[in-house]
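Here the structure comes first, spelled out in structure tokens, and everything after it is commentary.
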Amino acid sequence: MTDEKDPQGTPKIIVTEGPAVSNDRGSLNAWPIVFVASVLILIAMCLWRPDPYWKIMQFVPDGLLITFGITIISICIAVPLGLITGLGKLARNPVINLIASMYVEVIRGIPLLMQLFYIYYALGSLLKVSPMVAAVTALSVCYGAYMGEVFRAGILAVPKGQTEAARSLGFDRFQTMFTVVLPQALRTIVPPVGNECIALLKDTSLVSIIAVADLLRRGREYASQTFEYFETYTVIALVYLIITLLLSKGLSHVEGRLSRYDRRR
């Protein structure tokens, strides 16, 4: 992740890991094509061969709810954790700064799958850890570290003059950060945080390894019963694609709203 400025001098964050939602014309034209094609293909398969495609669609909805539940809970924990981490890395206190920096370096250096195994199996041998708790904990801790870097970069992208002006008006450091700096940093923070949330949704597929009955796990159960692996994984892949495309479109809409708000200001 790097901090740059666009040709107009506006700070922005370049995300080098995870999926990025682009606003260039090619991507905007490609989105409806891919989305409509995915939906039509899924519908056509269910109409063409209800057995097995429609049966698969009837088998996996509970897994889809689990996937959404894990995603929402993990995001609700990871975003505040990322904010705390980002502020910690900018803190003047060397102890807080060191703790936040070590957390980011350690978590980013260990694969998410390894974190899942460690929390569920290694810590599970000492403490009773349910699959859902292990899944939410691993995803939250992992993406909290990545989002910490996003918040740090977004805060640094705000011109220092804004902080100096707030302090000259008598604001303390807390007031300056939460009433002046963070609101201005939102425009650069929201897009990469949204990208990380989309990546988190897709990475929930890893929790099927520790017996969480998510979308992929339900698909695996159906395939193991019927041996229809091609049909099952085709449906699961299309469902993930459609959900990701919808979230990407929602993120693009939020970016557009933020850009229009900035222009009005």
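Going by the working numbering, 246 is the number at position 246 of the sequence shown; the sequence numbering is gapless.
Don't be surprised by glycine CBs; every beta carbon is placed ideally from N, CA and C.
No experiment lies behind these values; they were computed from the predicted model shown.
A straight line joining the alpha-carbon of residue 152 with that of residue 208 spans about 32 angstroms.
Excluding its 5 nearest sequence neighbours in each direction, residue 176 has C-beta neighbours in its own chain below 8 angstroms: 163, 166, 167, listed in chain order. For the pair residue 231 and residue 58, the Cα-to-Cα distance works out to about 14 angstroms. DSSP places residue 249 within a helical segment (H, G or I) once states are collapsed to three. Taking the Cα positions, residue 202 is about 7 angstroms away from residue 240. In summary, residue 100 is buried, with 16 or more beta-carbon neighbours lying within 10 Å of its beta-carbon over all protein chains present.
For residue 71, same chain residues with a beta-carbon under 7 angstroms away, outside a window of 5 residues either side, are 200, 201, 204 in chain order. Under the 10 Å beta carbon count, residue 257 is surrounded by fewer than 16 other beta carbons and is classified as exposed. The region 144 to 161 makes contact with the region 97 to 113: 3 or more CB pairs, one atom from each, lie closer than 8 angstroms. Assigned with DSSP and collapsed to three states, residue 50 falls in helix. Three or more Cβ pairs closer than 8 angstroms define a contact, and the region 121 to 135 falls short of that threshold against the region 41 to 61. With at least 16 other beta carbons inside 10 angstroms of its own, residue 214 counts as buried.
For residue 216 against residue 112, the beta-carbon gap comes to about 14 angstroms, at or over 8 angstroms, which does not count as contact. For residue 112, the enclosing alpha helix (DSSP H) begins and ends at 112 to 117. Here residue 155 is not near residue 82, since their CB atoms are 9 angstroms or more apart. Counting only unbroken stretches of 3 or more residues, no beta strand (DSSP E) element lies wholly within the region 85 to 143. With fewer than 16 other beta carbons inside 10 angstroms of its own, residue 122 counts as exposed.
For residue 59, the enclosing alpha helix (DSSP H) has its first and last residue at 55 to 59. A distance below 6 angstroms between beta-carbons, with the five flanking residues on each side excluded, links residue 119 to the following residues of its chain, in chain order: 134, 137, 138.
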